[in-house]
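Going line by line, the protein sequences match chains A and E. Take 16 as the starting number for the first sequence in our numbering and just add one per residue. Take -18 as the starting number for the second sequence in our numbering and just add one per residue. Cβ atoms here follow ideal geometry from the backbone N, Cα and C, with glycine treated the same way. Down below is the structure, laid out as structure tokens.
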Amino acid sequence: MTGSIGLRATIVSIVLLAVFLGVWQAAVSGTGPTQKLDPEYAKLVGAAAPAGKSAMPGPTEVGAKLWEHLRRPFYDNGPNDKGVGIQLAYSIGRVLLGYGLALLVAVPLGFLIGMSPLMSRALDPFIQVLKPISPLAWMPLALYTIKDSNTSAIFVIFICSVWPMLINTSFGVASVRRDWINVARTLELGTWRTAFRVILPAAAPTIFTGMRISIGIAWLVIVAAEMLVGGTGIGYFVWNEWNNLSITNVINAILLIGLVGMALDQLMARLQRLVSYVE
Amino acid sequence: MSSSKPLIHIEALAKRFPEPGGKGSLTVFENLWLSINPGEFVCIIGHSGCGKSTILNILAGLDQPSEGIVLVNEREIWGPSLDRAVIFQTHALMPWLTAARNIELGVASRHRDWSSARIREHARRYLSLVHLESAADKKPAQLSGGMRQRVGIARALAVEPRILLMDEPFSALDALTRGSLQDEVLAIRRATDQTIFMITHDIDEAMLLADKIVLMTNGPRARIAEVVENTLPSSRVRTELHKHPNYYPLRNHLLDFLVTRSRELADGAGAKIDPRSPPLVRPIAEERKDATPTHAPEQARPPSAARRSRPAASRRIVAGASNGRDSPEGHGEAAPARNRPTQLNPIRWR
């Protein structure tokens, strides 16, 4: 067999995708017994009634709908009918805002914790307790105190992305090689130069690992948070389309969430590569 | 070359660690006195656990002694300083910086008022001193072990320290690389008259590089057993070293110390040594029939009985060569003149 492993992997990927789509299509084309619809229910759901065939759309329908979305991503026909582009932009905006605030808090704080064994020990119990709390558990408290659903969603993103960055920063700073610190001391670099010229670059790969974990978690949480707070965002879109019984749109949204999440992760991976070094 | 005042002056230095669990403490070394004159190259040899690295770290200001003080230029040191540059065993270069940037880091710290162009120029000059101009823009990971250590040497020299502290700088390198780096250090040192304090395990390294070799007894409670003067000519080169008549007497003396005497002296035999003025020893060839480099190792090596009784001709002890300034006679000139060769650089307090 010739060809690089990369090429062969691509071929296998395409084959797997084709098999998956084929099975999906076969499963929903429904040659088997179709379920009998309750006429009351059919009247209730109107046009969404699948008229004797499976409610699950096939890949062709999803593809057609996706094409429709991608052709007009930014239309705005009022609160309940916005293009997916607008919805994704809202979600990404919230994530970046909450994540950015978390970054501003977590990296300097983590730096101090990492520099001080005392603070590291003193704050450890708090971090250990706060870290495993599901970010959505904060939602009622946030809504009650902040009294604004949009800000509450941003707060939830903040609280879920702060921990990995905080922990990784303090770990990275605390485990900077002793030799490098000693070099900084013998070269009389001083506190600030040591912090920015030695410790920060030394800990940067670990800090970026935390940032990459955080952006992943933030993107997971935003969908759930938007389902709760409503209004705008891709999470709200999913929930809205569920209420519209448009499984096609729900599947499209799932696909888009995955693609955006991957893009965010790749972006962070690229940034991480910029600061990583070989010892 | 030596000025009358020592550059570095170690007084009654001790390092103790609390014993785990108990109230007692473990003494690594104690009552350590040593002076290093400007321009001198001093090597310290001893087995692992005698606290060599701790001494170097204290000199560097990276570690604190439990007792005693270190004076540099008659001032007690307090923490690390650009005047005392360290070359670390594991090069300790910042892997995210290029070779040139690594050097510039220290230069920028030494000369805060310099323009970046001037800093770069200065760093380049020191890179070329260690013959690494071509590697200026490479990261440490792209360099060989020897090249990394060269960058480490250039970084230390570039801040123009009063003293260079080297902690087994070549021990992680292969023999060939080590040899060429030793030659380089020797050349730099001859060109700059840099004062150097170095730790080594390698007798040949010490014989090639050092003016004085400080021998430490085994730890715990290690101490300086004696100071050996390098009796090889100061113009020595690696390839000619072993042809000199003093080579074997010196080498055997050092080896003998490491193999047996460092242990014997630690076991109480060394109690007689005055810690403030350990004996200064000059191992030379027994019969110096001038210009005849015939010397058998057996001949140079005295039988062990003679070794114990010490007045062996092959190891002339220059009594009282280091005069504690508090010594009762207050001598210094009182040492027997016949035992003092003109070239000798006596250890003496100021």
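The alpha-carbon separation between I254/E and L(-12)/E amounts to approximately 24 Å. By the neighbour-count definition (other C-beta atoms within 10 Å, threshold 16), W254/A is a buried residue. Cβ atoms of K33/E and I25/E come within 8 Å of each other, at about 5 Å.
Chain-order list of chain E residues neighbouring L204/A: S90, by C-beta distance under 7 Å. At a C-beta separation below 8 Å, T201/A has these neighbours in chain E: A41, G42, L43, P61, S62, L63, R65, A66, V67. Contact between A189/A and G129/A holds, with the beta-carbon distance rounding to 4 Å and staying under 8 Å.
Within chain A, not a single residue places a beta-carbon under 7 Å from that of A117/E; the smallest gap is close to 17 Å. Around the beta carbon of D155/E, fewer than 16 other beta carbons lie within 10 angstroms, which makes this residue exposed.
With respect to the C-alpha of N267/A, the residue from L289/A, R227/A, G250/A, M134/A having the closest C-alpha is G250/A.
Straight-line measurement puts the Cα of F238/E at about 12 Å from the Cα of I205/E. Interface annotation for the segment 235 to 255 of chain A against chain E: empty, criterion Cβ-Cβ distance under 9 Å. Counting along the chain, no beta strand (DSSP E) covers I272/A; the unbroken alpha helix (DSSP H) around it starts and ends at 262 to 290.
Among the CB atoms of chain A, one or more fall inside 8 Å of the CB of G87/E. DSSP places K33/E inside the alpha helix (DSSP H), whose first and last residues are 33 to 41. In this structure A218/A is buried. Its beta-carbon is surrounded by 16 or more other beta-carbon atoms within 10 angstroms. Separation of the CB atoms of N227/E and T212/E is rounded to 4 Å, and the pair is thereby assigned contact status at 8 Å. When C-beta atoms of the segment 231 to 244 of chain A are compared with those of the segment 124 to 136 of chain E, fewer than three pairs fall below 8 Å, so the two segments do not count as touching. Residue burial annotation: V30/A is exposed, with fewer than 16 other C-beta atoms found within 10 angstroms of its C-beta. Residue environment for E221/E: exposed (fewer than 16 other C-beta atoms within 10 angstroms of its C-beta). Sequence-distant Cβ neighbours of E165/E in its own chain, meaning closer than 8 Å and more than five residues away, are V111, H112, R131, I134.
The Cβ atoms of D192/E and V23/E sit closer than 8 Å to each other. Residue contact check for R212/A against chain E: a CB pair falls below 8 Å. Looking from the CA of A233/A, the closest CA among D280/A, G205/A, L260/A, I214/A belongs to D280/A. Here the alpha carbon of H72/E sits roughly 25 Å from the alpha carbon of I222/A. Residues of chain E whose Cβ lies closer than 9 Å to the Cβ of N197/A are, in chain order, N38, A41, L43, P61, V67, F69, A73. In this structure, DSSP gives F238/E a helical state, which the three-state scheme calls helix.
Pairwise C-beta distances place the segment 191 to 207 of chain A out of contact with the segment 171 to 178 of chain A, as fewer than three of them are shorter than 8 Å.
Distance from the CA atom of R212/A to the CA atom of L138/E, rounded to whole angstroms, is 20 Å.
Assignment of L146/E by DSSP, reduced to helix, strand and coil, places it in the strand class.
Taking 8 Å as the upper bound on Cβ-Cβ separation, chain A lies near no residue of the segment -1 to 18 of chain E.
By the CB criterion at 8 Å, V238/A and I272/A fall inside the cutoff. At least 8 Å separates the beta-carbon of L13/E from that of R(-3)/E. Non-local beta-carbon contacts of S62/E in its own chain, meaning distances under 7 Å to residues more than five positions away in sequence, involve G42 in chain order. Look at W77/E: its C-beta is under 8 Å from a C-beta on chain A.
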